[in-house]
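Comments concern the structure below.
Number of protein chains: 2
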Amino acid sequence: MDSAVKERLKEILGPDGFSDSLIDLISYAKDASEFKRRPDAAIWPKTTEQVSKVLELADREKIPVVPRGAGTSLAGLAVPEKGGLVMDLGRMNRILEINIVDRLAVVQPGVVYANLDKALSVQGFFFPPDPASGSVCTLGGNVATNAGGIKGAKYGTTKDYVLALEVVLPGGRILRTGSRCMKSVSGYDLTKLFVGSEGTLGVITEITLKISPRPPLNSTAMALFEDLEDAGKAVSDIMHSGIIPSALEIVDQQTLKAINQNTDLNLPEVEAILVAETDGYTKEETEFQLDKILRIFEKNKATSVKRAATKSEADALWTARKTAYGVMARINNNLFVEDLAVPMSNVSKMLRIIADLATKYDLKIPTVGHAGDGNLHPVISFDGTDPDEVRRVEEASAELFEKVLELGGTLTGEHGIGLAKARFMGQEHSDLSMAMMRAIKRVFDPNNILNPGKMALEQ
Amino acid sequence: MDSAVKERLKEILGPDGFSDSLIDLISYAKDASEFKRRPDAAIWPKTTEQVSKVLELADREKIPVVPRGAGTSLAGLAVPEKGGLVMDLGRMNRILEINIVDRLAVVQPGVVYANLDKALSVQGFFFPPDPASGSVCTLGGNVATNAGGIKGAKYGTTKDYVLALEVVLPGGRILRTGSRCMKSVSGYDLTKLFVGSEGTLGVITEITLKISPRPPLNSTAMALFEDLEDAGKAVSDIMHSGIIPSALEIVDQQTLKAINQNTDLNLPEVEAILVAETDGYTKEETEFQLDKILRIFEKNKATSVKRAATKSEADALWTARKTAYGVMARINNNLFVEDLAVPMSNVSKMLRIIADLATKYDLKIPTVGHAGDGNLHPVISFDGTDPDEVRRVEEASAELFEKVLELGGTLTGEHGIGLAKARFMGQEHSDLSMAMMRAIKRVFDPNNILNPGKMALEQ
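First to last, the protein sequences are chains A and B.
Anchor point for the first sequence: position 379 equals 379 in the numbering used here, and the numbering is continuous, going up by one each time.
Anchor point for the second sequence: position 396 equals 396 in the numbering used here, and the numbering is continuous, going up by one each time.
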């Protein structure tokens, strides 16, 4: 990046809005995945106008721009694969409006999920998609990745809540999509095209989100299954029962072993644990739903079924699920938190395949997931300094996604394609589908400056 | 259309799949709107392969193709504005799969909404977006228009339920979008781009829909308001209460007058009636929610509040709302069923503006609507043989949509743009937004053969 460009960037962003110091370039070389590549500079815009001026300059000079929030991506979405600028939107962090009557919130992209949640909570509302990284991740990132969470089965994902966007396009043009109305069918749905586009089509500078009343009550239960297939059968039966639990999480045997090795929780090392939560306005409602689920657990040979009588008992039932990631990070020095989804009927089959792959490739692959919507997270922990183990991880990943697609699944339920899954895109999507995605990319970003190298959009 | 093309179409579709008889051309000149234009021929494909061959031919010969279902569009979406072929998908009417465990249904585009609803109902499930035309409209049309209905506030619209599509593109290429998984963020969301695209991007030949358990119980109440603003205030208060009713409908004074003039229901001619329905698994739950709503009605000076104790009492409370369209059709010989949405806080303001416009232009504009999501249907009944009245209708419409946009509203909540709203598109969307929509259109349909002349995509 030549010095004239750097000077212009400093002019646009002010002295504290630009850096090319080594420490910043090293920081912005990574996100929460295993990928890394240093950018040429990092910038911190504070206004849409600054973003616009940067994208005008970058488009003219053909400089890659990688918009990012908190950098919690597990798939390399925020890594500047082709160098250029990392644009950290963390300083555009104001909640601009919370309007209960209009059932919406307007936020800047750098607002942390938990901060919006706190602001909505006092009014009895929430923004349902709650990623595990909610305490640090930003809403711009949530929109760019179409973030999910444990309430997906009942409440959907981010895309179901984005009403309108302000987006800056390459060249600096400012596009407003959608409306403040709950319903609109006025023209093509440009809003949804940006949701999940991983920063490859435009830089999101303002977000209008639909919000929902927070159900005041919930009930929680946990069940142990000696046999994985029984747990899968229970999930299927719950679907037939007409209940959509507000959460239905699965924890596998490898995860339980990892937890026991790294904590003193002494959990029973069964093949699967299911944790279910139901919600509603009245205790009768949440218990009515949970009763049905408990009967299904028992019918499917759960060896132990516990129902929480209090909030602290409920928290205890969630311990295995909520401890999982922290524990897994301690198993070895490298970690791939994988992400896939399969049709719900294939959840137990998929878990069995993952266990078999772990044996075949001599790896540890503990898995947790959102059984209620078929979204699983196998966690491959490995020693990145051992070339043989790295090779086995790569081969196991490739075979894993082959199997996922054979079962009618998808490469990613909520983490995105980024760098991690780019090589598999052609296996899920036809040549025609890829050609259409690439043509859409060219419509918005003809010079390919936005987050280049991601989602296999260039092959 | 030359005879060689007609012969080729007969070859592709078989003798009973093609017609250019006058009676068919007259039938297919119209949908449920006031627009009309005769096509050159009508075709009835039975397979995706036939659709593909037709689009290969049509693209080569630059022949317009207008896909249509039952033709219930109120905005001219199915009128062949540039002639060419009307492609009636009504013979592709099989429900291919209902899979409760995977929580989905796979249907052909010609399946009537009510038939899917019946098939799901026996398993305790439903496909929530329930357009008023549900007994006749087809799911291909519902997807192409992103159809809504009275349950929108709680359950969303069609787009929230489309998981995957098979679409034939101009040239005959067959594209598969999305997946059978509840969650996927694998690449751009091409599925959602087709939802609401009004047949301008491709012909939908297979639809995979997410389905939901049907809440077994509901409670219903109705309230009369002497003052429109009080009704508006009640709607706002309901939002603050944390309750999302499964339906919250508004009927205005003009509608009540029209009903009284055409039936012997003798309804009180107050400024507004609100009908609310709540749902859930238990009676406690539905009544808990309804109690809150009733207290809000009373607090906002409802002059009469009725709560249904039985199913037939509930049906009686729905009478005013459900009788409305039939009655309005009898007022005069022409009818525009308008469609707009505003942010919920502006519902009563919008209704007041509509009443004022009716006075100003000496028209009858009874209005009903989905107060719970801000989607209103002013119905302009007029005498199409009276040039002065037609001019007044046009002027009132133009002023109506100017006001809608001033209030932060949108041109259409659920009926679509089609021909009816094409001239207003530039008022809601910026030049940049229109340019992006037109560029997307060119990606999918470079020769502009699919439903040309709609949505202002050509200006």
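Positions of the beta carbon are idealized from the N, C-alpha and C atoms, including for glycine.
{"Check": "Please name the residue in A:Ser33, A:Leu193, A:Val235, A:Trp44 whose C-alpha comes closest to that of Ala371 (chain A).", "Outcome": "A:Val235"}
{"Check": "Name the two residues that bound the continuous beta strand (DSSP E) containing Glu198 (chain B).", "Outcome": "Glu198 (chain B) -> no beta strand (DSSP E), and no H or E assigned at all."}
{"Check": "Less than 7 Å separating the beta-carbons of Glu277 (chain A) and Ala316 (chain A)?", "Outcome": "no"}
{"Check": "Measuring CA to CA, which of A:Thr282, A:Asp227, A:Thr263, A:Leu116 is closest to Thr208 (chain A)?", "Outcome": "A:Leu116"}
{"Check": "Run through chain B and tell me which residues come within less than 7 Å of Asn146 (chain A), C-beta to C-beta.", "Outcome": "Val185"}
{"Check": "Count the other C-beta atoms from every protein chain shown that fall within 10 angstroms of the C-beta of Leu357 (chain A), then say buried if there are 16 or more, exposed otherwise.", "Outcome": "buried"}
{"Check": "Check whether the region 269–276 of chain A touches the region 173–190 of chain A, taking contact to mean three or more Cβ pairs, one atom from each stretch, closer than 8 Å.", "Outcome": "no"}
{"Check": "Three or more C-beta pairs closer than 8 Å, one from the region 290–304 of chain A and one from the region 252–264 of chain A: is that the case here?", "Outcome": "no"}
{"Check": "Assign Asp117 (chain B) to one of three DSSP states: helix, strand, or coil.", "Outcome": "helix"}
{"Check": "How is the alpha helix (DSSP H) around His240 (chain A) delimited, first residue to last?", "Outcome": "228–241"}
{"Check": "Leaving out five residues on either side along the sequence, give the residues of the same chain with a beta carbon under 7 Å from the beta carbon of Glu428 (chain A).", "Outcome": "Leu405, Thr410, Leu411"}
{"Check": "Between the region 146–164 of chain A and chain B, which residues of the former have CB atoms less than 8 Å from a CB of the latter, in chain order?", "Outcome": "Asn146, Gly148, Gly152, Ala153, Gly156, Thr157, Lys159, Asp160"}
{"Check": "To the nearest angstrom, how far is the alpha carbon of Val86 (chain B) from that of Asn448 (chain A)?", "Outcome": "39 Å"}
{"Check": "Can you grab the Cα-Cα spacing for the pair Asn93 (chain B) / Val111 (chain B), in whole Å?", "Outcome": "4 Å"}
{"Check": "Does Thr410 (chain A) come within less than 7 Å of chain B when only Cβ atoms are used?", "Outcome": "yes"}
{"Check": "On the criterion of 16 or more Cβ atoms from any shown chain inside 10 Å, does Asp388 (chain A) qualify as buried, or is it exposed?", "Outcome": "exposed"}
{"Check": "Taking Cβ-Cβ distances below 8 Å as the criterion, which residues of the region 204–228 of chain A are in contact with chain B?", "Outcome": "Ser212, Pro213, Arg214, Pro216"}
{"Check": "On the CB-based measure, 16 or more other CB atoms within 10 Å of its CB, does Gly426 (chain A) come out buried or exposed?", "Outcome": "exposed"}
{"Check": "Can Pro39 (chain A) and Val203 (chain A) be called in contact, C-beta distance under 7 Å?", "Outcome": "no"}
{"Check": "Could you tell me which chain B residues have their CB closer than 9 Å to the CB of Thr319 (chain A), listed as they occur along the chain?", "Outcome": "In chain order: nothing, as chain B lies at least about 25 Å away."}
{"Check": "What distance in whole Å lies between the Cβ atoms of Ile100 (chain B) and Met239 (chain A), which are believed to be in contact at a cut-off of 8 Å?", "Outcome": "6 Å"}
{"Check": "Along chain B, which residues have their Cβ under 9 Å away from the Cβ of Phe297 (chain A)?", "Outcome": "Correct list: empty, because the minimum Cβ distance to chain B is about 16 Å."}
{"Check": "If you compare alpha carbons, which of B:Glu458, B:Ser397, B:Ser312 is closest to Lys360 (chain B)?", "Outcome": "B:Ser397"}
{"Check": "At a CB distance below 7 Å, what residues from the region 328–344 of chain A approach chain B? Give them in sequence order.", "Outcome": "Ala341, Val342, Pro343, Met344"}
{"Check": "Does chain A have any CB closer than 7 Å to the CB of Phe126 (chain B)?", "Outcome": "no"}
{"Check": "What residue from A:Ala75, A:Leu55, A:Leu57 has the CA that sits closest to Asp31 (chain A)'s CA?", "Outcome": "A:Ala75"}
{"Check": "Assuming Lys454 (chain B) and Ile417 (chain B) make a contact with CB atoms under 8 Å, what is their CB distance in whole Å?", "Outcome": "7 Å"}
{"Check": "Quick check on the DSSP output: the alpha helix (DSSP H) that includes Glu249 (chain B) runs from which residue to which?", "Outcome": "Element bounds for Glu249 (chain B): not the alpha helix (DSSP H) but the beta strand (DSSP E), 247–252."}
{"Check": "Since I believe Thr205 (chain B) is in contact with Pro366 (chain B) (beta carbons under 8 Å), could you give me their beta-carbon distance rounded to a whole number of angstroms?", "Outcome": "About 39 Å; that fails the 8 Å criterion."}
{"Check": "Pick from B:Ala355, B:Met434, B:Met436, B:Ala439: whose alpha carbon is nearest that of Glu399 (chain B)?", "Outcome": "B:Ala355"}
{"Check": "Taking 7 Å as the CB-CB limit, is His377 (chain A) close to chain B?", "Outcome": "no"}
{"Check": "Any idea if Ile243 (chain A) is buried or exposed, counting beta-carbon neighbours within 10 angstroms, 16 or more meaning buried?", "Outcome": "buried"}
{"Check": "For Ile293 (chain B), decide whether its Cβ has a neighbour in chain A, counting only Cβ atoms nearer than 7 Å.", "Outcome": "no"}
{"Check": "Along the chain, where does the beta strand (DSSP E) that runs through Phe225 (chain B) open and close?", "Outcome": "217–225"}
{"Check": "Could you spell out the range, first to last residue, of the alpha helix (DSSP H) harbouring Lys322 (chain B)?", "Outcome": "311–328"}
{"Check": "Quick one: is Gly196 (chain B) near chain A, going by C-beta distance under 7 Å?", "Outcome": "yes"}
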